[in-house]
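Here the protein sequences line up with chains A and B, keeping their order.
Be aware that the first sequence starts at 1, since it is given in the working numbering, and climbs by one per residue.
Be aware that the second sequence starts at 1, since it is given in the working numbering, and climbs by one per residue.
Ideal Cβ placement from N, Cα and C applies to all residues, glycine included.
Please read these numbers as outputs of a predicted model, since none were measured by experiment.
Below: the structure, in structure tokens.
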Amino acid sequence: MSLQLLIVDDDTTIKILHKAIVIRSNLSLTPLTFSDGKEVLDYLNESAKEEDNYLILLDINMPVMSGWEFLKEIQTATYANRLYVIMVTSSVDSGDKVKSETFPQVIGYFEKPLRVDSCNNIKLIPGIEKYYS
Amino acid sequence: MVLKEEYIFIFVIIKAYLTINIHTPKELEMISFKELELLIIEDNLGDAILVQEYLNDFLNEPKISISETSTEAQQKLTNETFDAIFLDLTLPDKSGEDLVKEIVSLAHFTPVIVLTGYSNQAFGIKALSWGISDYLVKDELTANQLNKSLTYSIERKRIEKKLLFSNERYEILAKATSDTIWDWNVIKKTVTSNQGITRVFGYTEADIELTEKWWRSKIHPDDYKKVIGTLTENIATATSLLQLEYRFKCADGSYKYVLDRAFLIMDMHKKPVRMIGAMQDITTKKIEEERLRLLESVITNATDGIVITQVVDNNINNSSIVYVNEAFIKLTGYANQEILGKTLQYLNGPKTTDEELLKLKNAFIKGESCTIEIVNYKKNGQEFWANISVAPVADSKGNITHWIAIQRDVSDKRNYLLAIEEQNKKLKEIAWIQSHVVRAPLARIMGLANMLIEQVPIEEIKNDELVESISTSAEELDKIIREIVYKTENVQNQTKL
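Spelled out as structure tokens, the structure:
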């Protein structure tokens with residue numbers, strides 16, 4: 001039983017930065033990166049393993065498939081209950097946070113950029129804290 | 001009230017006529033001495049008979065009574081009335097001053113002619129001051145003299161009585177009226193007045209000088225020319241009635257507005273001899289007039305359209321326009337005669353909202369004031385936004401008789417408000433969109449800075465790539481901020497139009 005970390009962001013710099021940060025903070029040593037919702041959805045549909053759980057750092061505004069569209073798509077997926085989603089967005093709109101809470105997979109909401117201490121806080125979120133104890 | 005004052009004024013004039021017409025010779029001729037009742041008070045029977053004889057000579061069957069003592073005369077005078085009394089100065093029970101005073105007081109308006117045995121000029125004059133009508137010496141008495149004295153005495157007493165009554169009436173009225181009644185002797189330049197001068201203007205008896213000069217000094221300097229001018233003109237044109245409004249000085253230095261109505265009396269050569277007037281204090285009325293004039297000028301000169309409607313047939317829903325001010329005419333383009341008689345709804349049209357009109361209707365029914373904002377139409381069909389405030393006016397019984405509606409053209413305000421709202425919306429959109437856009441490069445810069453602080457090793461990224469990313473993000477930020485400024489200015493320019 002493991003927790004695979006997926007970084008989804010269309011911004012290349014952010015993607016690199018977040019990857020470095022999650023490694024540095026030991027949130028994950030093998031993070032995977034995706035550029036939009038479609039990419040990560042395809043990956044999950046093809047490669048989601050029965051025994052694996054996924055922690056997804058999800059951006060909202062992306063081309064092709066936005067964070068919201070992705071969340072809608074996964075609701076009927078077989079692996080839906082093995083997904084933990086942390087919204088990571090540059091949006092400062094409090095409405096987005098409220099909206100995100102309507103999805104059962106969403107367990108956190110962070111503003112970009114992620115820092116080491118943000119990652120440490122993620123580890124303490126109920127539901128995933130067991131992977132870091 | 002006005003009637004009463006008019007009456008008093010007329011009375012004053014009549015009184016003036018009366019006083020100057022006393023000695024008309026015609027009145028003497030009219031006296032009839034038929035069946036005169038006379039009393040002779042005389043203890044000397046010879047003297048009494050002599051007087052009786054003389055009287056019979058020229059009178060037609062006079063009824064003559066004779067009393068020999070003062071006591072007897074007293075009784076007679078208490079029970080009967082006479083046309084004249086002849087009194088001897090020495091009676092057995094009373095004489096001299098005491099006797100004269102007693103008989104005069106009992107005689108009331110009956111003339112008392114004293115008959116004396118000796119000529120005492122000094123006593124005679126004194127007796128006249130006690131109220132006797134004439135003083136005759138018995139030894140010098142002739143029928144003619146007696147006749148003349150009797151005739152004159154009776155007539156004088158009759159006029160005196162009339163005058164006294166009239167004077168009494170005048171005194172009472174002068175006291176009752178709140179007017180200041182004045183009497184100016186043009187020849188002697190003196191002025192007398194009733195209590196009004198103290199009661200209305202606050203002067204004490206000591207302040208008042210009975211001179212023309214003193215009265216003239218109380219006229220307000222600004223009115224002086226007008227008053228004296230009118231007076232001079234009246235005298236010059238021999239106009240007897242005069243009416244003037246001016247200010248009269250009070251004892252405390254303040255001024256009261258007076259309405260002075262006067263009557264000029266002229267002699268037979270049309271030369272003014274006397275003037276009598278009644279001065280009415282109209283200060284309160286004048287102040288109220290001034291206040292009303294001010295209030296009216298507010299309505300007339302107001303920049304808002306003011307409409308007064310009158311409730312018709314006690315139906316509060318039905319009130320027609322009875323007044324519009326200049327501003328209303330200017331605003332709507334309707335002339336006075338075009339709008340009078342119409343209702344407030346006359347200006348409504350297709351874009352007038354029923355919702356607001358209902359608010360107005362409810363206010364009418366409840367008799368409450370209310371403010372609405374509707375589209376109204378000018379005479380030329382042009383629409384305008386009207387802010388209308390209506391308020392009821394009730395009579396003394398509390399019934400609403402009129403409505404006042406103040407109408408203001410708020411089109412500019414309304415349009416401006418709409419423009420501001422539109423601008424606000426646009427600015428909000430800009431702020432919204434741009435703040436999201438701005439966050440992306442900002443997040444990148446913050447993240448990169450954070451990496452440097454935390455000294456995170458980045459395997460996938462070379463150092464110059466990192467610097468490149470900071471530079472690109474900064475440029476992106478700069479572009480976005482310029483765009484915000486540009487878009488904002490654009491919105492502001494649109495609103496100005």
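Buried or exposed (CB count within 10 angstroms, at least 16 for buried), residue i
i, result
"residue 439 of chain B", "buried"
"residue 269 of chain B", "exposed"
"residue 498 of chain B", "Because chain B here runs from 1 to 497, residue 498 of chain B falls outside it and cannot be looked at."
"residue 136 of chain B", "buried"
"residue 493 of chain B", "exposed"
"residue 82 of chain B", "buried"
"residue 109 of chain B", "exposed"
"residue 247 of chain B", "buried"
"residue 23 of chain B", "Its pLDDT being 42, under 50, residue 23 of chain B is placed unreliably in this model, and the coordinates cannot settle the point."
"residue 287 of chain B", "exposed"
"residue 254 of chain B", "exposed"
"residue 257 of chain B", "buried"
"residue 215 of chain B", "buried"
"residue 39 of chain A", "buried"
"residue 100 of chain B", "buried"
"residue 203 of chain B", "buried"
"residue 3 of chain B", "Because the pLDDT at residue 3 of chain B is just 45, under 50, the model does not fix this residue reliably, and the value given afterwards should be weighed accordingly. Counting Cβ neighbours within 10 Å, residue 3 of chain B comes out exposed, since fewer than 16 surround it."
Cβ of residue i within 9 Å of any chain A Cβ
i, result
"residue 405 of chain B", "no"
"residue 469 of chain B", "yes"
"residue 448 of chain B", "yes"
"residue 483 of chain B", "no"
"residue 473 of chain B", "yes"
For residue j and residue i, the rounded distance between their alpha carbons
i, j, result
"residue 435 of chain B", "residue 475 of chain B", "16 Å"
"residue 59 of chain A", "residue 6 of chain A", "11 Å"
"residue 43 of chain B", "residue 57 of chain B", "22 Å"
"residue 312 of chain B", "residue 210 of chain B", "59 Å"
"residue 273 of chain B", "residue 234 of chain B", "13 Å"
"residue 29 of chain B", "residue 182 of chain B", "For residue 29 of chain B, the predicted structure reports a pLDDT of 39, less than 50, and the residue's modelled location is therefore unreliable. A value from the coordinates is still provided. About 35 Å."
"residue 344 of chain B", "residue 393 of chain B", "16 Å"
"residue 156 of chain B", "residue 292 of chain B", "56 Å"
"residue 252 of chain B", "residue 327 of chain B", "44 Å"
"residue 122 of chain A", "residue 470 of chain B", "27 Å"
"residue 170 of chain B", "residue 318 of chain B", "55 Å"
"residue 217 of chain B", "residue 250 of chain B", "11 Å"
"residue 116 of chain B", "residue 144 of chain B", "17 Å"
"residue 127 of chain B", "residue 184 of chain B", "33 Å"
"residue 198 of chain B", "residue 213 of chain B", "18 Å"
"residue 78 of chain A", "residue 105 of chain A", "13 Å"
"residue 179 of chain B", "residue 78 of chain B", "42 Å"
"residue 149 of chain B", "residue 113 of chain B", "8 Å"
"residue 355 of chain B", "residue 348 of chain B", "13 Å"
"residue 337 of chain B", "residue 297 of chain B", "21 Å"
"residue 281 of chain B", "residue 200 of chain B", "7 Å"
"residue 61 of chain B", "residue 166 of chain B", "33 Å"
"residue 206 of chain B", "residue 290 of chain B", "34 Å"
"residue 90 of chain B", "residue 259 of chain B", "59 Å"
"residue 56 of chain A", "residue 352 of chain B", "59 Å"
"residue 431 of chain B", "residue 487 of chain B", "10 Å"
"residue 221 of chain B", "residue 361 of chain B", "56 Å"
"residue 314 of chain B", "residue 380 of chain B", "33 Å"
Residue-chain proximity (residue i, chain B), Cβ-Cβ < 9 Å
i, result
"residue 71 of chain A", "no"
"residue 113 of chain A", "yes"
"residue 13 of chain A", "yes"
"residue 61 of chain A", "yes"
"residue 17 of chain A", "yes"
"residue 93 of chain A", "yes"
"residue 20 of chain A", "yes"
"residue 82 of chain A", "no"
Neighbouring residues, chain B, relative to residue i (Cβ below 8 Å)
i, result
"residue 90 of chain A", "436, 439, 440, 442 and 443"
7 Å Cβ cut-off: residues of chain B touching residue i
i, result
"residue 116 of chain A", "454"
One or two residues paired with residue i in a DSSP bridge
i, result
"residue 84 of chain A", "A:55"
"residue 384 of chain B", "B:376"
"residue 6 of chain A", "A:32 and A:56"
"residue 185 of chain B", "B:190 and B:274"
"residue 93 of chain A", "The partner list for residue 93 of chain A (beta bridge, DSSP) is empty, contrary to what the question assumes."
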